[in-house]
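Residue numbers (the UniProt record's numbering): 1 to 221.
Quick reminder that beta carbons are idealized off the backbone N, C-alpha and C, glycines included.
Scroll down for the structure; my scribbles are underneath it.
Okay, here's the thing in structure tokens:
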């Protein structure tokens with residue numbers, strides 16, 4: 001997988017190392033994550049709060065990124081274990097995560113006083129798949145930036161159903177460029193999975209989230 005990423009970077013004249021691989025370990029046991037650690041992996045992505053929390057307790061040296069949809073009632077728990085959150089899609093979630101980090105710090109459940117947060121972008125506005133509509137992205141980014149203990153890190157994008165990845169990632173990259181101008185700094189772009197990472201890297205992805213091609217088919221939940 002890393003060779004495929006490196007070849008794509010070279011093809012599109014991007015520097016080696018400019019894309020990070022985030023293995024997705026949903027449904028995979030802790031033993032599989034330990035194998036990844038042996039190969040130098042320091043961060044993985046998880047979709048479900050309860051599963052991720054249990055794994056984080058067993059593997060305190062691994063960074064766990066929350067990449068699944070978030071319920072506000074789970075924000076306090078997520079704030080205890082998450083090294084980053086890729087799926088913030090409302091001010092309510094952002095504010096709940098900020099409060100959760102403060103509480104986790106007070107209780108000694110967290111060491112880092114800052115939680116990097118990505119906005120999950122909804123290009124088609126379909127609320128059933130999560131994500132923030134284009135019209136609300138800048139407002140939410142400002143909210144994250146203004147929330148104590150949160151750092152606005154960038155955008156996360158999954159192509160909408162029926163969209164080609166080229167169209168989706170091109171539009172998302174344009175949105176990200178506008179945010180970089182707004183904040184006057186570079187931002188991260190969490191985009192691309194096994195089936196569309198080439199298009200994502202072409203359009204500037206800095207983090208690709210890959211599961212099956214690294215660990216094989218997920219065991220049944």
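Other residues of its chain near residue i: CB distance less than 6 angstroms, five sequence neighbours each side excluded
{"i": "residue 88", "result": "94, 117 and 119"}
{"i": "residue 190", "result": "86, 118, 156 and 207"}
{"i": "residue 74", "result": "49"}
{"i": "residue 84", "result": "65 and 116"}
DSSP state of residue i mapped onto helix, strand, coil
{"i": "residue 111", "result": "coil"}
{"i": "residue 170", "result": "helix"}
{"i": "residue 144", "result": "helix"}
{"i": "residue 201", "result": "helix"}
{"i": "residue 127", "result": "helix"}
{"i": "residue 46", "result": "strand"}
{"i": "residue 98", "result": "helix"}
{"i": "residue 93", "result": "helix"}
{"i": "residue 8", "result": "helix"}
{"i": "residue 175", "result": "helix"}
{"i": "residue 63", "result": "strand"}
{"i": "residue 185", "result": "coil"}
{"i": "residue 33", "result": "helix"}
{"i": "residue 155", "result": "strand"}
{"i": "residue 41", "result": "coil"}
{"i": "residue 87", "result": "strand"}
{"i": "residue 194", "result": "coil"}
{"i": "residue 235", "result": "Residue 235 lies beyond the stretch modelled for the chain, which goes from 1 to 221, so this question has no answer here."}
{"i": "residue 14", "result": "coil"}
{"i": "residue 22", "result": "strand"}
{"i": "residue 70", "result": "coil"}
{"i": "residue 161", "result": "coil"}
{"i": "residue 212", "result": "helix"}
Distance between residue j and residue i (C-alpha atoms, nearest Å)
{"i": "residue 166", "j": "residue 203", "result": "8 angstroms"}
{"i": "residue 173", "j": "residue 186", "result": "12 angstroms"}
{"i": "residue 11", "j": "residue 179", "result": "27 angstroms"}
{"i": "residue 160", "j": "residue 170", "result": "13 angstroms"}
{"i": "residue 58", "j": "residue 51", "result": "11 angstroms"}
{"i": "residue 199", "j": "residue 68", "result": "22 angstroms"}
{"i": "residue 82", "j": "residue 153", "result": "14 angstroms"}
{"i": "residue 209", "j": "residue 23", "result": "6 angstroms"}
{"i": "residue 14", "j": "residue 108", "result": "41 angstroms"}
{"i": "residue 92", "j": "residue 216", "result": "36 angstroms"}
{"i": "residue 7", "j": "residue 163", "result": "25 angstroms"}
{"i": "residue 105", "j": "residue 29", "result": "28 angstroms"}
{"i": "residue 44", "j": "residue 182", "result": "30 angstroms"}
{"i": "residue 158", "j": "residue 184", "result": "25 angstroms"}
Whole-number beta carbon distance between residue j and residue i, since they are thought to touch under 8 angstroms
{"i": "residue 26", "j": "residue 211", "result": "7 angstroms"}
{"i": "residue 175", "j": "residue 140", "result": "12 angstroms between Cβ atoms; not a contact."}
{"i": "residue 66", "j": "residue 78", "result": "6 angstroms"}
{"i": "residue 2", "j": "residue 21", "result": "6 angstroms"}
{"i": "residue 49", "j": "residue 64", "result": "10 angstroms between Cβ atoms; not a contact."}
{"i": "residue 121", "j": "residue 137", "result": "7 angstroms"}
Same chain, Cβ closer than 7 angstroms to residue i, five either side skipped, listed in chain order
{"i": "residue 147", "result": "94, 95 and 98"}
{"i": "residue 56", "result": "64 and 81"}
{"i": "residue 41", "result": "23"}
Cβ of residue i within 8 angstroms of any chain C Cβ
{"i": "residue 214", "result": "Annotation note: the requested chain C is absent from the structure, which comprises a single protein chain."}
Cut-off 8 angstroms between Cβ atoms - residues of its own chain near residue i, not counting five sequence neighbours on either side
{"i": "residue 205", "result": "19, 169, 189, 190, 191, 192 and 197"}
{"i": "residue 213", "result": "1 and 194"}
Task: Segment contact flag, the segment 98 to 108 with the segment 125 to 135, C-beta cutoff 8 angstroms, min 3 pairs - done: no
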